[in-house]
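Protein sequence lines correspond, in order, to chains A and X. Numbering of the first sequence is given in our numbering, commencing with residue 1 and proceeding in unit increments. Numbering of the second sequence is given in our numbering, commencing with residue 115 and proceeding in unit increments. Accompanying notes for the structure given below.
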Amino acid sequence: ETGVTQTPRHLVMGMTNKKSLKCEQHLGHNAMYWYKQSAKKPLELMFVYNFKEQTENNSVPSRFSPECPNSSHLFLHLHTLQPEDSALYLCASSPGRGGDREQYFGPGTRLTVT
Amino acid sequence: AQSVAQPEDQVNVAEGNPLTVKCTYSVSGNPYLFWYVQYPNRGLQFLLKYITGDNLVKGSYGFEAEFNKSQTSFHLKKPSALVSDSALYFCAVRDLTLNTPLVFGKGTRLSVIA
Chain A
1 ETGVTQTPRH
11 LVMGMTNKKS
21 LKCEQHLGHN
31 AMYWYKQSAK
41 KPLELMFVYN
51 FKEQTENNSV
61 PSRFSPECPN
71 SSHLFLHLHT
81 LQPEDSALYL
91 CASSPGRGGD
101 REQYFGPGTR
111 LTVT
Chain X
115 AQSVAQPEDQ
125 VNVAEGNPLT
135 VKCTYSVSGN
145 PYLFWYVQYP
155 NRGLQFLLKY
165 ITGDNLVKGS
175 YGFEAEFNKS
185 QTSFHLKKPS
195 ALVSDSALYF
205 CAVRDLTLNT
215 PLVFGKGTRL
225 SVIA
C-alpha cells in the first residue's frame, strides 16, 4: 500500500468549504485515476489521467475539479459539495491507461460533507 | 456497454471449507477480468487476472478463478477458507477490443466464521 499514498485519510467539510485531496504514487506509473466508492454501489470511475493528460471524465459534476501536475501526483479539488458526495475517494495508478495491467490503489480519503 | 454482476451481497463460509464468490460479465469484445480485495480501512488490492490462455487462473493468498466464456463467468474460489480472508471482494472487467476503462462490480462481502 505504500506505493500509492493519499492525504488526508479523513475529511469533514461543510457545503461551502473548499478543500483538496492529494494522491501520490511511487511506482513510476503513467496513468492515475480517481474513483468514488459509496456503500453497496460499484466503484464509480471519475477521472483518468495518462501522461498528465485527462483522458476520461465520467460526467462528474463541476464541483469536483482534478489536477495532475505530473505523472506522480494527482489532486481532487472540492468546492460547494453536497451531502450525497460523502463517500470514500480512492486514487489508483497503473503503468498505462489500458491493456492488461492491474491498478494499484491508495487507502482512500473518507469524505463527510455536512 | 460492458458490465459486471456480483449476485451476492454477502457470502458466509466456515473456516476450512471451500469458498466461491460469483461474478458474471458482459462485454462486446474480448474481456480482461480482474479480482480485487478490500480489507477494512484499506484500498483495493489486486488478487488475480485473466487475460488469455488457461481458463484457471491462480493468484495471491491461495485464491484462484475460472474463466468460463460460454457462461460469461469468472468466479473466485479458494479450497480452504481462512478467517483472515474476510473482506470485500470486487470483480472487474475491461473490454479488450474497445479498450474501455475498468468497470467494477458492487462487491461481495465474504465472512469466514471460525
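Where is the CB? At the ideal position from N, CA and C, for every residue including glycine. Note that this is a predicted model, so its numbers are computed, not measured.
- Consider the Cβ of L224(X): report whether some Cβ of chain A lies at a distance smaller than 8 Å. Locating residue 224(X) in the second sequence gives position 110, counting from the first residue. No, L224(X) lies away from the interface with chain A (no Cβ there is under 8 Å from its Cβ).
- Message: So, under 8 Å CB-CB, M46(A) and F64(A) are touching, yes? Tell me the CB distance rounded to an integer number of Å.
- Response: The count along the first sequence starts at 1 and reaches residue 46(A) at position 46. The count along the first sequence starts at 1 and reaches residue 64(A) at position 64. Sure, about 7 Å apart at Cβ, within 8 Å.
- Message: Is the separation between the beta-carbon of V171(X) and that of K163(X) shorter than 8 Å?
- Response: Start at 1 with the first residue of the second sequence, and residue 171(X) comes out as number 57. Start at 1 with the first residue of the second sequence, and residue 163(X) comes out as number 49. Cβ atoms of V171(X) and K163(X): closer than 8 Å.
- Task: Report all residues from its chain with a CB closer than 8 Å to the CB of Y78(X); omit the five preceding and five following residues, and keep chain order.
- Result: As displayed, chain X neither begins before 115 nor continues past 228, which places residue 78(X) out of reach and without an answer.
- Message: Rounded to whole angstroms, what is the Cα-Cα separation between N182(X) and K18(A)?
- Response: The residue you call residue 182(X) lines up with position 68 of the second sequence. The residue you call residue 18(A) lines up with position 18 of the first sequence. Annotation: N182(X) to K18(A) spans about 48 Å, alpha carbon to alpha carbon.
- Where N213(X) meets chain A, residues with beta-carbon distance less than 7 Å: For the purposes of this step, residue 213(X) is taken as the residue at position 99 of the second sequence. Ordered by position in chain A, the residues that pass the 7 Å Cβ test against N213(X) are G98.
- Task: Would you check if the distance between the CB atom of A128(X) and the CB atom of W149(X) is smaller than 8 Å?
- Result: The residue given as residue 128(X) occupies position 14 in the second sequence. The residue given as residue 149(X) occupies position 35 in the second sequence. In this structure, W149(X) does not lie closer than 8 Å to A128(X) by Cβ.
- Which residue's Cα is closest to the Cα of H79(A): V4(A), H10(A), S20(A)? Against the first sequence, residue 79(A) aligns to sequence position 79. Cα-wise, what sits closest to H79(A) is S20(A).
- Grab the span of the beta strand (DSSP E) containing F148(X) for me, first residue to last. Residue 148(X) sits at position 34 when you count from the first residue of the second sequence. Taken as a continuous stretch (DSSP letters only), the beta strand (DSSP E) holding F148(X) covers 145 to 152.
- Message: Per DSSP, what are the beta-bridge partners of Y175(X) in this structure?
- Response: In the second sequence, residue 175(X) corresponds to position 61, counting from 1. As DSSP reads the structure, Y175(X) sits in no beta bridge.
- Message: Let's test the definition: count the other Cβ atoms within 10 Å of the Cβ of Q6(A) and tell me whether it reaches 16, buried, or not, exposed.
- Response: As a first step, residue 6(A) is located in the first sequence; it is residue number 6 there, counting from the start. Classification for Q6(A): buried.
- Rounded to whole angstroms, how far is the Cβ of V48(A) from the Cβ of R97(A), which I believe are closer than 8 Å? As a first step, residue 48(A) must be located in the first sequence, where it is residue number 48. As a first step, residue 97(A) must be located in the first sequence, where it is residue number 97. So it is a contact: roughly 6 Å between Cβ atoms.
- Query: Rounded to a whole number of angstroms, what is the C-alpha to C-alpha distance between G96(X) and C137(X)?
  - Reply: Summary: the structure shown does not reach residue 96(X), with chain X confined to residues 115 through 228, and so no result is reported for it.
- Item | Beta-bridge partners of Q25(A), as assigned by DSSP | Numbered from its first residue, the first sequence carries residue 25(A) at position 25. Q25(A) is bridged to V4(A).
- Query: Name the chain A residues that come within less than 8 Å of K163(X), Cβ to Cβ?
  - Reply: Taking the first residue of the second sequence as position 1, residue 163(X) is located at position 49. D100, E102, listed in chain order.
- What do you reckon, is the C-beta of G96(A) under 7 Å from a heavy atom of the ligand SAM? Ligands in the displayed structure: none, and consequently the ligand SAM is not present.
- Task: Kindly indicate which three-state DSSP category P132(X) falls into: helix, strand or coil?
- Result: Position 18 of the second sequence, counting from 1, holds the residue named residue 132(X). In the structure shown, P132(X) sits in coil (DSSP, three-state: anything other than H, G, I, E or B).
- C-alpha gap between P154(X) and L224(X), whole angstroms: Position 40 of the second sequence holds residue 154(X). Position 110 of the second sequence holds residue 224(X). When rounded, the distance between both Cα atoms is 12 Å.
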